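Undergrad: So for the sequence shown, my numbering puts the first residue at 2; every next one is plus one. Beta carbons: idealized from backbone N, C-alpha and C, even for Gly. Bear in mind that the values here come from a model prediction, so they are computed numbers and not experimental data. Structure provided below as structure tokens; questions to follow.
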Amino acid sequence: MLTLSLLRHAKSSWKNPALPDRERPLNSRGIADAPAMGRAMSERGIDPELVLCSSAQRTVDTLALVLPELKIEPTVVYQDSLYRASPEDMLDLLRRLQPGARSVLLIGHNPEIQELALELIGAGPKGPRDRLSEKYPTGGLVVITFTAGLWSSVDVGSGSLTQFLAPRDVRGDAAS
């Protein structure tokens, strides 16, 4: 079985409107939410062996705050191609993964990461699937399992949604 965790970067700052989109850092809420999501991952046994991370500043910052909270030290690969990657491009990237890592964390951007999640999920509880269809909040985490033994066999609709967490779920407040 394979496990794919999809993490949308934490809340980013718009403080400097002249800053190129790719260079936007996290804002204070994002800085607080990212380690909380890392702790939630660790508490739930989500232990990625491989992390594929967009090279945009906000995804790099998110990962830097998540990593210390994890129980294992995964291999990390920063991918320029994940910035503005289409769902099809992300799926192709996953399919090209060599055997070895059975648990992968991909950190990217919306709306593409939400579209990828919705395309891959063919089963799982209706409530979280409906919630994911409505909104994939910043810092949100989707965990999808596949019965396939190789990433090259992962296909549209072949995954089962096992978890969908937003920062507010682990903070316990109503902010999103």
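May I ask you to report which of helix, strand or coil DSSP gives serine 134?
TA: Helix, per DSSP.
Undergrad: Which residues does DSSP pair with valine 105 in a beta bridge?
TA: Looking at the DSSP assignment, valine 105 forms a beta bridge with Leu5 and Leu51.
Undergrad: Taking C-alpha atoms, which residue in Val157, Thr76 and Leu71 lies nearest to aspartate 93?
TA: Residue Val157 is the option with its Cα nearest to aspartate 93.
Undergrad: Alpha carbon to alpha carbon, what distance is there between proline 75 and tyrosine 137?
TA: If I take the Cα positions, the gap works out to 24 Å.
Undergrad: Considering only the beta carbon of each residue, do leucine 5 and valine 171 sit closer than 9 Å?
TA: No, the pair does not count as a contact, with Cβ atoms beyond the cut-off.
Undergrad: Under the DSSP definition of a beta bridge, which residues are partnered with tyrosine 84?
TA: None; tyrosine 84 has no bridge partner.
Undergrad: If you compare alpha carbons, which of Phe147, Ile114, Leu95 and Lys12 is closest to leucine 51?
TA: The shortest C-alpha separation from leucine 51 is found at Leu95.
Undergrad: Looking at C-alpha atoms only, which residue of Val78, Met38 and Ser161 is the closest neighbour of arginine 169?
TA: Residue Met38 is the option with its Cα nearest to arginine 169.
Undergrad: How many angstroms separate the CA atom of histidine 110 from the CA atom of leucine 3?
TA: So the two alpha carbons sit approximately 22 Å from each other.
Undergrad: Taking the CB atoms as reference points, tell me whether valine 155 and phenylalanine 165 lie closer together than 9 Å.
TA: No, the Cβ-Cβ distance between valine 155 and phenylalanine 165 is not below 9 Å.
Undergrad: Once you ignore the five residues that flank glutamine 80 on each side, which residues in its own chain have a CB closer than 6 Å to its CB?
TA: The answer, listed in chain order, is Leu53.
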